[in-house]
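Be aware that the sequence shown starts at 1, since it is given in the UniProt record's numbering, and climbs by one per residue.
Glycine included, every Cβ here is placed at the ideal spot set by N, Cα and C.
Report on the following structure.
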Amino acid sequence: MTEINKVAVIGAGVMGAGIAAHVANAGIPVVLLDIVPEGADDRSFIAKTAVERMLKTNPAPFMHRKNARLIETGNLEDNLDLVADCDWICEAIVENPKIKRDLYARLDKVRKAGSVVTSNTSTIPLEVLTEGLGEGFAQDFAITHFFNPPRYMRLLEVVKGPRTRDDAYAALKAFGDVRLGKEVIECKDTPGFIGNRIGIFWSTVATRQAYDMGLTVEEADSIVGRPTGVPKTGIFGLGDLTGIDLGPHVIASMIDLVPAEDPLHDFVSQDHPLTKLTAKMIEEGYTGRKGKGGFYRRVRQDGRTIK
Ligand code: NAI
């Protein structure tokens, strides 16, 4: 039976940093790696600044300072061997199947026998993620889909492939439940699993209606926020938090995956002016809190309503 006593998180962006902080808060040692940024003097800059970010989140830090010491930071070029004694390697890098698979092939050469590897993918099917990788890797692989921010969102979707070892899957579920305090839900390998398959509908309706009604982001978020059971950020604030560039990826990937007769195809038509506005924002670097700002900063600059 796989026992998880040490974790590696690969990718120190919005989700990877949050997952690493949450694991460290549970008292478990974590290795956090990301790419070497172009032109940076410090080759582990991304992972190191991610830890700092987790200590400064507002209104409360995502991580206690004493737990930050449990995180060992590094980069994927110089420090890949740090994953060798980790029992669970959780990948949280860009939502691109080829880039993820290339990483898995590298991890497979250094990870220890019996370790489990998971992806935090929002929508890429498990079978696509393991394509071309060996049987041994597929047996040790699953999806663990955390929600943002990992410190506060209770849901953890866990997806098993046809070849995933039962004991690896059981170890992940137990760890998510007992050590990380999550509400662990077993999902089938279906487009967007459960959370995103449903979430895409309500988030699209809410944001488009707010735009059509000429509301400000504050007005929209004061309604489609806490009072309606949405996280307190509200719906536009949620976009700024999760990353505005992620939404189009999730939608495009789901459109490719659902059958032609699925209502999703009509529902998320790309003609709405809000789709064009978000595309322009992404192009200009307004990808949300991780970028130059998002709906709050950029839209405010341009006037009161969401234009
Ligand atoms: P992000 O854009 O904040 O971070 C991605 C990280 O990947 C960056 O730190 C980047 O340096 C790194 N990266 C880029 N190219 C790489 C490469 N070739 N090899 C290794 N690392 C590379 O992305 P985010 O939002 O943290 O998403 C990560 C994963 O989590 C994605 O699969 C996404 O679909 C999923 N996810 C995202 C959620 C969100 O709210 N943002 C929620 C749940 C899942």
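Residue of the options minimising C-alpha distance to residue i
i      : options                           : result
Lys290 : Thr242, Gly132, Lys276 and Val258 : Thr242
Lys6   : Gly13, Gly225, Ala26 and Leu103   : Ala26
Lys173 : Phe146, Leu129 and Asn67          : Phe146
Asn75  : Arg69, Arg53, Lys182 and Ser44    : Ser44
Lys182 : Arg151, Thr207 and Thr278         : Arg151
Thr204 : Gly285, Ala168 and Ile235         : Ile235
Asp177 : His22, Met15 and Ser269           : His22
Glu135 : Ala170, Val217, Glu219 and Ala105 : Ala105
Bridge partners - residue i, DSSP secondary structure assignment
i      : result
Phe175 : Phe175 is not bridged to any residue.
Ile185 : Glu157
Glu72  : Val31
Gly293 : Gly288
Opening and closing residue of the beta strand (DSSP E) in which residue i lies
i      : result
Ala8   : Val7 to Ile10
Glu157 : Leu155 to Lys160
Ile93  : Unbroken run through Ile93: none, as it is neither H nor E.
Phe146 : Phe141 to Phe146
The ligand NAI heavy atom lying under 6 Å from the CB of residue i
i           : result
Val23       : no
Ala12       : yes
Glu38       : no
Asp34       : yes
Thr216      : no
Arg95       : Residue 95 is actually Glu in this sequence, not Arg. Glu95 Cβ: within cutoff of the ligand NAI.
residue 325 : Residue numbering for the chain in the displayed model covers 1 to 307; residue 325 lies beyond these limits and cannot be assessed.
Met15       : yes
Asn79       : no
Asn148      : yes
Thr121      : yes
Gly243      : yes
Ile99       : yes
Ala92       : yes
Span of the alpha helix (DSSP H), counted from its first residue to its last, around residue i
i      : result
Phe45  : Phe45 to Leu55
Asp34  : It is not in any alpha helix (DSSP H) - Asp34 instead sits in the beta strand (DSSP E) that spans Val30 to Asp34.
Val83  : Per DSSP, Val83 belongs to no alpha helix (DSSP H) and is neither H nor E.
Arg101 : Pro97 to Val110
Val23  : Val14 to Asn25
Thr278 : Pro273 to Glu283
Pro248 : Leu246 to Leu257
As assigned by DSSP and simplified to three states, the class of residue i
i      : result
Ser119 : strand
Thr216 : strand
Leu63  : In the sequence under discussion, the amino acid at residue 63 is Met, which differs from the Leu named in the question. Met63 falls in the coil class under three-state DSSP.
Leu180 : coil
Ser203 : helix
Asn196 : helix
Arg208 : helix
Arg298 : helix
Ile235 : helix
Leu264 : helix
Met1   : coil
Thr130 : coil
Pro227 : helix
Tyr169 : helix
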